[in-house]
Amino acid sequence: MPKVKTNDIDTYYEIAGKGQPIVFIHGGFVDHDMWAPQVEYFSRKYKVITYDLRGHGKTGGSKKKKYSIELLADDLKALIDALAIEKPVICGLSLGGMVAQAFAVKYPDSLGALILSDTAISTALTANDKIQLYTLGWSMPLTLRLIGARRFVDYSFWMARVTKGERWFGTDEKVRDYVRQKMSEMDSDEMAKIYGAILGFRLLDLSSVRALTLITNGEFESESVLAHSKKANELIKNSTMMTIEGAGHTSNMENADGYNRALEQLLDIL
């Protein structure tokens with residue numbers, strides 16, 4: 001089981017293929033396996049790196065009492081340095097997209113290109129974001145600790161349906177089952193710390209990003225995230241937006257072929 005020291009933790013990672021490096025950062029409360037369709041496809045031409053974020057999967061938790069998106073970006077930088085990877089394409093979905101943004105802003109010289117998928121640029125960008133943050137948002141970690149991870153999974157799925165709509169989950173039952181299973185396996189304290197990192201995420205200086213950037217969203221992504229993507233597209237000068245048809249939030253899994261084709265359009269011009 002390959003692991004490498006990254007700051008105060010040992011990070012689990014996998015590498016497949018040879019060529020230009022692409023690092024895929026998974027979403028919150030799942031693990032590197034969400035990128036299986038991309039590993040299979042892109043490892044034919046590229047060096048593909050996947051890993052488990054702090055608090056997730058085979059990397060597991062740490063003794064830190066609080067997490068932040070910047071901390072997760074620092075972990076990514078340590079991973080890239082430890083593996084001697086130069087200027088990789090960084091691709092992140094949801095939480096992974098937040099980490100990718102923080103990495104791009106803090107470590108611009110270590111970035112080859114940027115892909116942001118189904119992600120937010122702040123948890124307090126719009127008036128609606130702020131309402132959800134200060135009502136539902138901050139209650140989530142407390143609720144999690146009170147009822148435990150397994151019961152919290154049902155609660156969070158119900159809450160997502162209410163606030164984001166049924167199609168946000170997509171149409172693939174296997175994808176929903178995967179997310180539910182991985183969430184159920186997470187340690188409650190680690191899940192709460194990840195929620196804390198997400199809730200504390202604020203708008204970064206995205207106008208400083210000069211790398212070629214692709215912003216993607218599933219067709220059924222929430223209106224909130226779509227608004228964030230439009231703002232990111234405005235702020236990042238060298239960026240373009242694409243829609244993944246027939247997909248919700250986990251667009252890379254729900255329509256893997258469409259997602260891969262979208263990424264390929266960026267990769268082909270690097």
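FYI, the numbering for the sequence shown is 1 to 270, going by full-length UniProt numbering. Ideal Cβ positions, reconstructed from N, Cα and C, are used throughout, including at glycine.
Note to self: Quick check on T50: does DSSP put it in helix, strand or coil?
What the structure shows: strand
Checklist line | L72 versus R54 - alpha carbon distance | finding: 7 angstroms
Next item on the list: Would you give the residue range spanned by the beta strand (DSSP E) that A124 belongs to?
Entry: Note, A124: premise wrong, no beta strand (DSSP E); not H, not E.
Notebook entry, point to check: Taking the alpha-carbon positions, what's the H249 to L226 distance?
Noted result: 11 angstroms
Next item on the list: Reducing DSSP to helix, strand and coil, say where S62 ends up.
Entry: It is coil, neither helix nor strand.
Notebook entry, point to check: Anyone know if the C-beta pair for A262 and G218 falls short of 7 angstroms?
Noted result: no
Margin query: Out of N255, D177, E223, G92, which one is the CA nearest neighbour of T163?
Written below: E223
Next item on the list: Spatial neighbours of M183 within its chain, please: CB distance less than 6 angstroms, with the 5 preceding and 5 following residues excluded, ordered by chain position.
Entry: F29, V153
Next item on the list: Could you tell me whether the stretch 79–88 touches the stretch 114–130, using the rule of 3 or more Cβ pairs below 8 angstroms?
Entry: no
Check: Distance, Cα to Cα, P235 vs A124?
Finding: Reading off the sequence, residue 235 comes out as Leu, not Pro. Cα-Cα distance, rounded: 17 angstroms.
Next item on the list: Could you give the DSSP three-state label for F220: helix, strand or coil?
Entry: coil
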